[in-house]
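Top line first, the protein sequences correspond to chains A and B. Residue numbers for the first sequence follow my numbering, so the first one is -13 and each next one is one higher. Residue numbers for the second sequence follow my numbering, so the first one is 338 and each next one is one higher. What follows is one structure encoded as structure tokens, with my remarks underneath.
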Amino acid sequence: AQSVTQPDIHITVSEGASLELRCNYSYGATPYLFWYVQSPGQGLQLLLKYFSGDTLVQGIKGFEAEFKRSQSSFNLRKPSVHWSDAAEYFCAVVIDYKLSFGAGTTVTVRA
Amino acid sequence: DVKVTQSSRYLVKRTGEKVFLECVQDMDHENMFWYRQDPGLGLRLIYFSYDVKMKEKGDIPEGYSVSREKKERFSLILESASTNQTSMYLCASTHGDTRTGELFFGEGSRLTVL
């Protein structure tokens, strides 16, 4: 059973506009949650992670994510996207001490 | 900076060939992973290792084996490559608690099996 669902396969956003990527998980009362980004031709890089505490977490490159237990969600946001944010984004949850990834969302940025 | 190096970026092999994918990390990480990445499926864990000579099956180990003879090197082996193993293979490593540790990824090895 899929433990991490990213409902949007592909999102197109204009440069300077806001971005929100959705992630829903179905494992664990207290999940360990991550967002990774994969730029074209590159490996994955960690954007941010959540284990406990403040439900709004800040990451690198101006990204943030909010954990909502009631909705089993961990959505990623950025107020103003740059052309360099065009990439594939993966949400992940820890299951049995190992990361399980969602299918990914590809973000295209138009000028 | 942590560096995870996958020796081959692109490989083309024939059905039935034995294939070795090599991964080396330079930060003394005890945990290493092999993932397979396919469009629409994200990353799926093939095998992982938490110490030298130790290995654990991931979610899709069938058709694969691994070797970890030295701490810095984790090899993925396809004993007899098949066309359904055409994919992008990503190696990763991390230190300490695998629940909280950041995974550092290599750039990937794209394998095509004809």
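Here a beta-carbon is modelled for each residue, glycine too, at the ideal position from N, C-alpha and C.
Length of the line joining the Cα atoms of residue i and residue j
i, j, result
"residue 66 of chain A", "residue 97 of chain A", "13 Å"
"residue 414 of chain B", "residue 426 of chain B", "11 Å"
"residue -4 of chain A", "residue 47 of chain A", "20 Å"
"residue 70 of chain A", "residue 394 of chain B", "36 Å"
"residue 34 of chain A", "residue 340 of chain B", "19 Å"
"residue 421 of chain B", "residue 450 of chain B", "8 Å"
"residue 82 of chain A", "residue 409 of chain B", "24 Å"
"residue 10 of chain A", "residue 61 of chain A", "8 Å"
"residue 345 of chain B", "residue 357 of chain B", "9 Å"
"residue 3 of chain A", "residue 36 of chain A", "25 Å"
"residue 101 of chain A", "residue 57 of chain A", "This structure cannot speak to residue 101 of chain A, because chain A is shown only from -13 to 97."
"residue 13 of chain A", "residue 384 of chain B", "21 Å"
"residue 75 of chain A", "residue 352 of chain B", "32 Å"
"residue 16 of chain A", "residue 64 of chain A", "25 Å"
Among the options, the one whose alpha carbon lies nearest that of residue i
i, options, result
"residue 50 of chain A", "A:5, A:86, A:-3 and A:78", "A:5"
"residue 91 of chain A", "A:12, A:46, A:25 and A:57", "A:25"
"residue 436 of chain B", "B:368, B:378, B:375 and B:414", "B:368"
"residue -11 of chain A", "A:95, A:79, A:-3 and A:84", "A:79"
"residue 438 of chain B", "A:42, A:84 and A:88", "A:84"
"residue 380 of chain B", "B:387, B:364 and B:372", "B:372"
"residue 68 of chain A", "A:-7, A:7 and A:1", "A:1"
"residue 430 of chain B", "B:446, B:374 and B:364", "B:364"
"residue 387 of chain B", "B:396, B:407, B:349 and B:448", "B:407"
"residue 359 of chain B", "B:402, B:419 and B:375", "B:402"
"residue 446 of chain B", "B:377, B:424 and B:433", "B:424"
"residue 55 of chain A", "A:38, A:-6, A:94 and A:22", "A:38"
"residue 355 of chain B", "B:433, B:419, B:442 and B:441", "B:419"
"residue 397 of chain B", "B:382, B:390, B:404 and B:348", "B:382"
"residue 441 of chain B", "B:428, B:389, B:399 and B:434", "B:428"
Where residue i sits in the DSSP three-state scheme
i, result
"residue 375 of chain B", "strand"
"residue 63 of chain A", "strand"
"residue 352 of chain B", "coil"
"residue 47 of chain A", "helix"
"residue 346 of chain B", "coil"
"residue 58 of chain A", "coil"
"residue -11 of chain A", "coil"
"residue 446 of chain B", "strand"
"residue 86 of chain A", "strand"
"residue 38 of chain A", "coil"
The ligand MG heavy atom lying under 7 Å from the CB of residue i
i, result
"residue 49 of chain A", "What this structure holds is no ligand at all, so the ligand MG is not there to describe."
Worksheet item: Between the region 416 to 428 of chain B and chain A, which residues of the former have CB atoms less than 9 Å from a CB of the latter, in chain order?
Response: 427 and 428
Item to complete: Please list the residues of the region 86 to 97 of chain A that have a C-beta atom closer than 9 Å to any C-beta atom in chain B, keeping them in chain order.
Response: 86, 87, 88, 89 and 90
Worksheet entry | Completely contained beta strand (DSSP E) runs for the region -4 to 25 of chain A, where each covers 3 or more residues | -4 to 0, 5 to 7 and 19 to 24
Practice prompt. Give, in chain order, every residue of the region 12 to 45 of chain A whose Cβ lies closer than 9 Å to some Cβ of chain B.
Written response: Listed by position, the residues of the region 12 to 45 of chain A near chain B (Cβ gap below 9 Å) are 18, 20, 22, 24, 27, 28, 29, 30, 31, 32, 35 and 37.
Discussion item. So if I threshold CB-CB distances at 8 Å, which residues from the region 50 to 63 of chain A count as touching chain B?
Written reply: Within the region 50 to 63 of chain A, not one residue has a Cβ closer than 8 Å to any Cβ of chain B.
Worksheet entry | Secondary structure, beta strand (DSSP E): runs of 3+ residues fully inside the region 361 to 425 of chain B | 368 to 375, 379 to 386, 402 to 407 and 410 to 415
Worksheet entry | Short-range partners of chain A found in the region 372 to 383 of chain B, where Cβ spacing is below 7 Å | 377, 378, 379, 380 and 382
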